[in-house]
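*Asks:* With my numbering, letter number 66 in the sequence shown gets 68, and the count goes up by one each step, no holes. Positions of the beta carbon are idealized from the N, C-alpha and C atoms, including for glycine. These numbers were taken from a predicted model, which means no experiment stands behind them.
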Amino acid sequence: MTITLPEIYAACALACGAVFLVTSTFSGSFMTGSKAYIVPAIFSSGFLSFSIITIVNEGLAPVWYNHTLNYWGSQICIDLVVGFCVSWYLILPRARDAGILIYPWLVIVLFTGNIGITAMLAFVLFREAQDGRGYRQL
């Protein structure tokens with residue numbers, strides 16, 4: 003059995019996600035204070051890097067094809083849309099409170115998905131830290 007590079011990337015993403023979920027659940031101290039923006043910034047930049055590699059190697063056409071190929075593809079597409087809507091709903095009031103222009107971020111998020119929403123979260127947390135409000139839970 004040959005392991006492909008995309009399988010390695012997926013395994014690394016699952017491992018990083020598992021480590022993040024466990025550490026943030028049992029000890030959320032790294033997610034507080036004036037440096038709380040660093041975690042979503044790292045996620046966003048890492049995912050952007052992988053996405054650039056994917057676009058260079060595969061192009062953009064497979065995106066639609068993969069989401070409409072079968073029921074699983076459609077289910078993943080719907081899952082991404084619901085996840086985006088929930089994220090947007092939760093982050094929007096904080097972004098407005100921080101004085102962030104919403105519409106440019108909406109365009110970024112619509113075109114980049116989770117890359118944009120994690121970058122926006124990092125920016126919101128950064129602005130809150132600048133204003134002296136620091137991290138606050140939803």
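Beta carbon of I104, beta carbon of F125: below 9 Å?
*Replies:* No, the Cβ-Cβ distance between I104 and F125 is not below 9 Å.
*Asks:* Looking at C-beta atoms only, is the number of pairs between the segment 110-122 and the segment 83-99 that lie closer than 8 Å three or more?
*Replies:* As far as the Cβ criterion goes, the segment 110-122 touches the segment 83-99, which means the pair count is three or higher.
*Asks:* If contacts are defined as beta-carbon pairs under 8 Å, then A131 and A38 qualify, I think. What distance do you get, rounded to the angstrom?
*Replies:* 7 Å between Cβ atoms; contact.
*Asks:* For a test of the three-state rule: what should DSSP assign to A38, helix, strand or coil?
*Replies:* Three-state result, A38: coil.
*Asks:* Reducing DSSP to helix, strand and coil, say where L16 ends up.
*Replies:* Reduced to three states, the DSSP call for L16 is helix.
*Asks:* Alpha helix (DSSP H) containing I102: first to last residue?
*Replies:* Where I102 is concerned, there is no enclosing alpha helix (DSSP H), given that its DSSP letter is neither H nor E.
*Asks:* Given 8 Å as the limit, tell me if A20 has its C-beta closer than that to any heavy atom belonging to the ligand NAD.
*Replies:* This structure does not include the ligand NAD; it has no bound ligands of any sort.
*Asks:* What residue does the alpha helix (DSSP H) around G115 start on, and which one ends it?
*Replies:* That residue, G115, is in no alpha helix (DSSP H); it is neither H nor E in DSSP.
*Asks:* How is D133 classed by DSSP in three states: helix, strand or coil?
*Replies:* Reduced to three states, the DSSP call for D133 is coil.
*Asks:* As a quick exercise: from W66, Y73, L16, L127, pick the residue whose alpha carbon is nearest that of R98.
*Replies:* Measuring from the Cα of R98, the nearest candidate turns out to be L127.
*Asks:* Can you list, in chain order, the residues of its chain whose CB lies under 8 Å from that of R129, leaving out five sequence neighbours each side?
*Replies:* So the qualifying residues of the chain are A100, G101, I102.
*Asks:* Since I believe I117 is in contact with F49 (beta carbons under 8 Å), could you give me their beta-carbon distance rounded to a whole number of angstroms?
*Replies:* Confirmed, Cβ separation roughly 5 Å.
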